[in-house]
Amino acid sequence: MMTSSARLHPPGSPVRMGGMIRMILAASILAIVPTPDLFAAVLPEASPLLSRLESALAPLHDFQAGFVQVRHVDLTDENIEAKGRLRFLAPDSFRLDYKTPDADVLAMQGDSMLVYFPSMNQAQRHRIDREDATRNIFLLFASKKGELGSRFDISLAPPGPSGAALRLQPLAGTLDYPILEIVVRLHPKSGLPGEIFFREEGGDTVVFRLSDIRTNRKLTPSDFVFVPPAGTEILDR
-17 MMTSSARLHP PGSPVRMGGM IRMILAASIL AIVPTPDLFA AVLPEASPLL
33 SRLESALAPL HDFQAGFVQV RHVDLTDENI EAKGRLRFLA PDSFRLDYKT
83 PDADVLAMQG DSMLVYFPSM NQAQRHRIDR EDATRNIFLL FASKKGELGS
133 RFDISLAPPG PSGAALRLQP LAGTLDYPIL EIVVRLHPKS GLPGEIFFRE
183 EGGDTVVFRL SDIRTNRKLT PSDFVFVPPA GTEILDR
């Protein structure tokens, strides 16, 4: 399980790239560790919206969408934007193809993860715990009924023009990343996540907007295979 951004980008690479990959992982992977002695609470007014999200996730076999990710750096008052497309295939295949600012690729299947940096002509291969990958890291796309409610304090977020939203506050020690809150705004028609907002302990925020959402389009494992171009330096981590 990944616990540090340093393991997700090459030494000496720009901080921007580390933040991009790290926060995409936080947004869509949500690596969670067990907390058997803690108990989450779902406020009654949030239960109908949570049930709608769980019902939308229940039949999900595969998922793909375009994304725009904007990270606001509190210290410098800077916005950093990235665009691309993500794909997910149950139970444990995930792929991100960036379009801007660079054509980076992150591909995961089972216990293997590959991150490709074309600007550096380099790719990193990581081994991850398959059980954790299957059970935990695709929680937002593959959670079962009651699972989110057992790991987060859940309430309603203020309504916005993009639709109703849930506010998820992780129990202490449940995330491998210092996040204070996650706001999941549901797509008004499908009930699937349409926008995901993160607030970090350090004050930075990230909004992750999904578009052109397509579900159950018969993606196959081959759609998640990425072979770096010839001549790429491959590093095994």
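Per my numbering, residue -17 is the first one in the sequence shown, and the count goes up by one each step.
Every residue, glycine too, gets a C-beta built ideally from N, C-alpha and C.
Are the beta-carbon atoms of VAL52 and GLU60 separated by less than 7 Å?
-> A distance of 7 Å or more separates the beta carbons of VAL52 and GLU60.
Quick one: complete beta strand (DSSP E) runs, 3+ long, within the segment 77 to 154?
-> Taken in chain order, the complete beta strand (DSSP E) segments of 3 residues or longer contained in the segment 77 to 154 are 87 to 91, 94 to 99, 104 to 109, 134 to 138, 147 to 152.
May I have the straight-line CA-CA distance separating PRO141 from PHE206, to the nearest angstrom?
-> Going by the C-alpha atoms only, they are around 36 Å apart.
Could you please give me the residues that DSSP links to VAL50 through a beta bridge?
-> For VAL50, which the question treats as bridged, DSSP gives the partners LYS65, ARG191.
Let me know if PRO152 comes out buried or exposed under the rule of 16 or more other beta-carbons within 10 Å of its beta-carbon.
-> With 16 or more other Cβ atoms within 10 Å, it is buried.
Return yes when the Cβ of HIS43 is within less than 7 Å of the Cβ of ALA72, no when it is not.
-> Yes, the Cβ-Cβ distance between ALA72 and HIS43 is below 7 Å.
Determine the DSSP secondary structure at ASP205, reduced to helix, strand or coil.
-> Helix at ASP205.
Starting from ARG181 and walking both ways along the beta strand (DSSP E), at which residues does that stretch end?
-> Annotation: the continuous beta strand (DSSP E) that includes ARG181 extends over 175 to 182.
Can you name, in chain order, every residue of its own chain whose Cβ lies under 7 Å from the Cβ of ARG117, other than the five neighbours on each side?
-> Model confidence at ARG117 stands at a pLDDT of 47, short of 50, so the residue's coordinates are unreliable; what they give is reported in the following sentence. Cβ within range, chain order: n/a, list empty.
Would you tell me roughly how many angstroms separate the C-alpha atoms of ARG181 and PHE190, rounded to the nearest one?
-> Whole-angstrom Cα-Cα distance: 12 Å.
Helix, strand or coil for ARG196 per DSSP?
-> ARG196 falls in the strand class under three-state DSSP.
Figure out for me which residue from GLU215, LYS171, SER132, LEU138 has the closest Cα to the Cα of ALA154.
-> Of the listed residues, the one whose Cα sits closest to ALA154 is SER132.
7 Å Cβ cutoff, LEU217 in contact with chain B | Although the question refers to chain B, the structure presented lacks it and comprises just one protein chain.
Identify which residue in ALA38, GLU27, ASP56, PHE134 has its Cα closest to the Cα of ARG196.
-> Residue ALA38 is the option with its Cα nearest to ARG196.
Whose CA, out of GLU177, PHE45, LEU192, PRO143, lies closest to the CA of ILE164?
-> For the set GLU177, PHE45, LEU192, PRO143, the Cα lying nearest the Cα of ILE164 is the one of GLU177.
Taking DSSP as the reference, what is the three-state secondary structure of PRO210?
-> In the three-state scheme derived from DSSP, where H, G and I count as helix and E and B as strand, PRO210 is classed as coil.
Please report how far the alpha carbon of GLY213 lies from the alpha carbon of ASP135, in whole angstroms.
-> Between the alpha carbons of GLY213 and ASP135 lies a gap of roughly 48 Å.
Nearest residue (CA-CA) to VAL87, options HIS169, TYR98, ASP93 | Of the candidates HIS169, TYR98, ASP93, the residue whose Cα lies closest to the Cα of VAL87 is TYR98.
Could you check if ALA23 is buried or exposed, using at least 16 other CB atoms within 10 Å of its CB as the buried criterion?
-> ALA23 should be labelled exposed.
How about GLY48 and SER193: do their beta carbons lie closer than 7 Å?
-> Cβ distance < 7 Å, so GLY48 and SER193 count as in contact.
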